[in-house]
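Encoded as structure tokens, the structure appears first; notes follow it.
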Amino acid sequence: MHPRDDSIDSLLDDLATETSNAYKKLPSLRSAKRISSSNDLKQDHSVDELLKELELDLNAVAPSSDRQNVSVEVTLRAAQNSEMLSAGSPAASPAKRKCSPVCIGGTQDEVGITAATPTTAARFWRTCDMIRCLSCDFRCLKFPNAMWTTRVDYMFFRNYVPDERKLASGLERKDGYQAYCCQCSWVSVNALARVNALPNCDKFKWVCGGHFP
225 MHPRDDSIDS LLDDLATETS NAYKKLPSLR SAKRISSSND LKQDHSVDEL LKELELDLNA
285 VAPSSDRQNV SVEVTLRAAQ NSEMLSAGSP AASPAKRKCS PVCIGGTQDE VGITAATPTT
345 AARFWRTCDM IRCLSCDFRC LKFPNAMWTT RVDYMFFRNY VPDERKLASG LERKDGYQAY
405 CCQCSWVSVN ALARVNALPN CDKFKWVCGG HFP
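Per this note's numbering, residue 225 is the first one in the sequence shown, and the count goes up by one each step.
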């Protein structure tokens, strides 16, 4: 045989051996490919799950975030309103003090608050200038150095209170006196007196509306 033919035969044998070895490796390659593909699928599946979970988290967070934003906005508006009110209005007023007993009097009697104590002596009484009627819910008016004429009656006060100009038509000059009235009751006095001790006192529903300290 020619030496060249031996060389060709040897090459063919080597090629056959390599091909056989390659075919033997194919199953392991296929298996490796299947494993790789499976891992890729698992990885893709994990990514999809993460995306879904993230989407759910975002959906869950959004409403809460909206509520927080609304809460913050309401709080800010409340704070702004509070600041505006504080800037535009005076500080909270102190509690009012009320007379006990409630007194009226003539022009010579001192105006002020009669302290609500059991031992309050008559010399400490003051004429109240904050009297309100519980019956008609009008504040009592007073006219110094005057008294009501005999011409006035219930309908006179019912029609004219609180118009002081019209009420003046029912007054006459009397030094030292003060004429008091609401829409349903009236009286003229020239000395300090408790409302609950006036003649026909049951018709007077007059109370102290309160004085600021």
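From the three backbone atoms N, C-alpha and C, an ideal C-beta is built for every residue, glycine too.
Being a predicted model, the structure only gives us computed values, none of them experimental.
With a threshold of 8 angstroms, are at least 3 pairs of Cβ atoms found where one atom belongs to the segment 416-432 and the other to the segment 368-382? no
Please say whether residue 330 and residue 411 have beta carbons closer to each other than 8 angstroms? no
Tell me whether the segment 423-433 and the segment 388-400 touch, counting them as touching only if at least three CB pairs, one residue from each stretch, are closer than 8 angstroms. no
If residue 326 and residue 355 are in contact, beta carbons under 8 angstroms, what's the gap, nearest whole angstrom? 6 angstroms
Residue burial classification, residue 427 (beta-carbon count within 10 angstroms, cutoff 16): exposed
Any idea if residue 296 is buried or exposed, counting beta-carbon neighbours within 10 angstroms, 16 or more meaning buried? Confidence in residue 296 is poor, its pLDDT being 47 and thus under 50, which makes the residue's placement too unreliable to answer from.
Any heavy atom of the ligand NAP closer than 7 angstroms to the CB of residue 329? No copy of the ligand NAP appears in this structure; indeed no ligand is present at all.
Alpha carbon of residue 405 to alpha carbon of residue 333, nearest angstrom: 18 angstroms
When you compare the CB positions of residue 407 and residue 389, do they come within less than 8 angstroms of one another, or not? no
Judging by CA-CA distance, which residue of 339, 335, 398 is the nearest neighbour of residue 320? 339
Checking the sheet assignment: what are the DSSP bridge partners for residue 370? 397
Of the residues 336, 366, 350, the one placed nearest residue 409, counting alpha carbons only: 366
Going by beta-carbon coordinates alone, are residue 337 and residue 360 separated by less than 8 angstroms? no
Does residue 356 come out as helix, strand or coil in the three-state DSSP assignment? strand
Please classify residue 357 as buried or exposed, where buried requires at least 16 other C-beta atoms within 10 Å of its C-beta. buried
Of the residues 328, 400, 403, which one's Cα is nearest the Cα of residue 349? 328
Leaving out the 5 sequence neighbours to the left and right, which residues in its chain are closer than 7 angstroms to residue 380 when beta-carbon positions are compared? 394
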